DNA sequence: CTGCTCGGCA
């Protein structure tokens, strides 16, 4: 009964059952408490978990091995690794030695933070102690390498597993399938699934959902539907995750009406809706400028007592920020804290962003400091947001200082970081410094792209250095650069499947379309076909690239003129 | 009653 309540997310009812148990003369034991504790931790609601633990102790129930492990898992999930380690110390003090579960969860926590090397070290440590790494340990590390390290290292570990005589299980295979999907290698992904048929671990629900998602992301909706069909034929019912994948695809295609209809009819079709279903549509509404519908959906979700996760909160906070309703956004932030949720980097970045946009750079930095305090690592998003805030507030020197600190600390930066700094420098007329950064970003293989060029071009033009501007423009149309651009577009997975379907994948037809649209000044439409043809793997003629890029420069010029 | 794989936010 209690388990049932937890599964439905009705924690309060679960807790009230504990009281009822007592009325019937049976007392909750540690299993009862551990069950509920586990669900709080899974949902990231640590405050409530803490309260329950306190309650448990007051009832004189000693935490057991399960209790400790549940807490380790809970802390690891939200990235509080120090706290997780404290629990382990506590375990030792209570004569409960960390077991394979404890190690695996800690390794998973480290991988989640991108700290793979430390995770591997922990695995070695296990081997030296009596706790031998198992298939779960390997799966965790393999997935960690794919996510945050190199795939070579991931595959190396797969080999190591084989050498040790460990069998790759369904999860191992699913991790590989997911990785192939992420790389856009759908053929290899489905080949892996086919191999699973022959191994002792046939494809399961996760495999199918992974493939469906992969095909959706690749814009291959036909294959996605085929996979859903196959999933059904193999006896797997589609579940909430399948539904959410479809919802997301519909939203991305701007088919909000269909998405909303699907959401409404889902329960009739036997689907369970969760906070991801609502959050997906919510984000879709905000993206498409239908904020009123989004807010309506939020209250509908609350009415149904579906509990928002930190990501759901991030979505609504971001939406409110975009509406300029900063106060309301902040109040949602406070609400999630009250609900015992732990804000993540995205939460902070979103609010830092809105402060920067409002010119409250000091407040933005306060929040940045808070982030560090909470041992959340400011990431490349944080950096870019702060830099852009400083630049547009006329504090270029401070921006440069931050930029240099960031680099000297060896933290990751990306193309956006460079473009932000370059455009900041250009605005102040510091072209030589900007050029310096352009060559630096080239060295790091981070560009330049048309944002970089347009910043530089704008600065050259306003300095009256027209010859150099021309020179730059011709550099832009170098074929090498276009290759890079098209690769990037592929990676960004820009989706326009409607166009993809509508246009002839014949390379000449595409090229002609693009050139024609450019001639008409419809550069945006031209870009969309360019993206679509990229997706289909259509090779365009060189002149298409040139016309398109020249068109983009003109458009950027037109835009920057409009701004001035 | 605890761990690894699938869906969403920046």
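In full-length UniProt numbering, the protein residues as written are 1 to 564. The beta-carbon is built from N, C-alpha and C at its ideal position, and this holds for glycine as well. Bear in mind that the values here come from a model prediction, so they are computed numbers and not experimental data.
Please return the same chain residues whose Cβ sits closer than 6 angstroms to the Cβ of residue i, not counting the five positions on each side in sequence.
{"i": "residue 568", "result": "In this structure the chain extends from 1 to 564, so residue 568 is not present and cannot be described."}
{"i": "residue 166", "result": "135"}
{"i": "residue 355", "result": "363, 364"}
{"i": "residue 431", "result": "459"}
{"i": "residue 479", "result": "Since pLDDT at residue 479 reaches only 42, below the 50 mark, its modelled position is unreliable, and no value is offered."}
{"i": "residue 196", "result": "173, 202, 203"}
{"i": "residue 148", "result": "114, 116"}
{"i": "residue 38", "result": "70"}
{"i": "residue 40", "result": "48, 49"}
My output table needs one value for residue i: the three-state DSSP class, helix, strand or coil.
{"i": "residue 87", "result": "helix"}
{"i": "residue 239", "result": "coil"}
{"i": "residue 94", "result": "coil"}
{"i": "residue 301", "result": "helix"}
{"i": "residue 218", "result": "coil"}
{"i": "residue 465", "result": "coil"}
{"i": "residue 639", "result": "No answer is possible for residue 639: it lies beyond the span of the chain, which begins at 1 and ends at 564."}
{"i": "residue 108", "result": "helix"}
{"i": "residue 391", "result": "helix"}
{"i": "residue 65", "result": "helix"}
{"i": "residue 199", "result": "coil"}
{"i": "residue 27", "result": "coil"}
{"i": "residue 115", "result": "coil"}
{"i": "residue 437", "result": "helix"}
{"i": "residue 412", "result": "coil"}
{"i": "residue 204", "result": "coil"}
{"i": "residue 284", "result": "helix"}
{"i": "residue 374", "result": "coil"}
{"i": "residue 162", "result": "helix"}
{"i": "residue 309", "result": "coil"}
{"i": "residue 247", "result": "helix"}
{"i": "residue 522", "result": "coil"}
{"i": "residue 186", "result": "helix"}
{"i": "residue 430", "result": "coil"}
{"i": "residue 140", "result": "helix"}
Which same chain residues end up closer than 8 angstroms to residue i when comparing Cβ atoms and leaving out the 5 residues on each side of it in sequence?
{"i": "residue 230", "result": "208"}
{"i": "residue 375", "result": "79, 80, 82"}
{"i": "residue 120", "result": "141"}
{"i": "residue 492", "result": "Low per-residue confidence applies at residue 492: pLDDT is 45, beneath 50, and the placement is therefore not dependable enough to give any value."}
{"i": "residue 127", "result": "133"}
{"i": "residue 21", "result": "27, 28, 32"}
Would you say the beta carbon of residue i is closer than 6 angstroms to some non-hydrogen atom of the ligand NAP?
{"i": "residue 300", "result": "The ligand NAP is absent from the structure shown, which contains no ligand whatsoever."}
For the putative contact between residue i and residue j, defined by C-beta atoms under 8 angstroms, what is the C-beta separation to the nearest angstrom?
{"i": "residue 393", "j": "residue 429", "result": "The pair is not a contact, with the Cβ atoms about 17 angstroms apart (cut-off 8 angstroms)."}
{"i": "residue 142", "j": "residue 122", "result": "At roughly 15 angstroms, the Cβ-Cβ gap does not stay under 8 angstroms, so residue 142 and residue 122 are not in contact."}
{"i": "residue 104", "j": "residue 137", "result": "5 angstroms"}
{"i": "residue 384", "j": "residue 417", "result": "5 angstroms"}
{"i": "residue 271", "j": "residue 297", "result": "Not really, about 17 angstroms apart at Cβ, beyond 8 angstroms."}
{"i": "residue 52", "j": "residue 70", "result": "Contact doesn't hold; Cβ gap of about 11 angstroms is too wide."}
{"i": "residue 390", "j": "residue 415", "result": "Rounded, the Cβ-Cβ distance is 18 angstroms, inconsistent with contact."}
{"i": "residue 424", "j": "residue 457", "result": "16 angstroms between Cβ atoms; not a contact."}
{"i": "residue 273", "j": "residue 266", "result": "6 angstroms"}
{"i": "residue 154", "j": "residue 111", "result": "So it is not a contact: roughly 11 angstroms between Cβ atoms."}
{"i": "residue 379", "j": "residue 345", "result": "6 angstroms"}
{"i": "residue 65", "j": "residue 96", "result": "5 angstroms"}
{"i": "residue 382", "j": "residue 368", "result": "6 angstroms"}
{"i": "residue 92", "j": "residue 139", "result": "Contact flag wrong, Cβ pair sits at about 27 angstroms."}
Which residues in the same chain have their Cβ closer than 7 angstroms to the Cβ of residue i, if we skip the five residues on either side of it in sequence?
{"i": "residue 407", "result": "413"}
{"i": "residue 100", "result": "131, 134"}
{"i": "residue 387", "result": "399, 402, 403, 417, 420, 421"}
{"i": "residue 350", "result": "314, 317, 318, 321"}
{"i": "residue 451", "result": "419"}
{"i": "residue 205", "result": "236, 239"}
{"i": "residue 33", "result": "52, 56, 61"}
{"i": "residue 323", "result": "291"}
{"i": "residue 280", "result": "244, 247, 248, 251"}
{"i": "residue 373", "result": "none"}
Using a Cβ distance threshold of 8 angstroms, determine whether the stretch 257 to 275 contacts the stretch 218 to 234, with at least three qualifying pairs required. Touching, no.
Pair every Cβ in the stretch 203 to 221 with every Cβ in the stretch 171 to 190, then say whether three or more of these pairs are closer than 8 angstroms. Enough Cβ pairs lie closer than 8 angstroms, so yes.
Any contact of the stretch 333 to 346 with the stretch 45 to 63, i.e. 3+ C-beta pairs under 8 angstroms? Contact between the stretch 333 to 346 and the stretch 45 to 63 is present, with at least three C-beta pairs closer than 8 angstroms.
Would you check if the stretch 327 to 337 and the stretch 53 to 70 touch, i.e. whether three or more CB-CB distances between them fall below 8 angstroms? In short, these stretches do not touch, since the Cβ pair count stays below three.
Validate contact between the stretch 85 to 95 and the stretch 69 to 77 using beta carbons, cut 8 angstroms, 3 pairs: With contact defined as three or more Cβ pairs closer than 8 angstroms, the stretch 85 to 95 and the stretch 69 to 77 are in contact.
Okay, do the stretch 245 to 254 and the stretch 279 to 292 touch, 3+ Cβ pairs below 8 angstroms being the bar? Three or more beta-carbon pairs separated by less than 8 angstroms link the stretch 245 to 254 to the stretch 279 to 292, which places the two stretches in contact.
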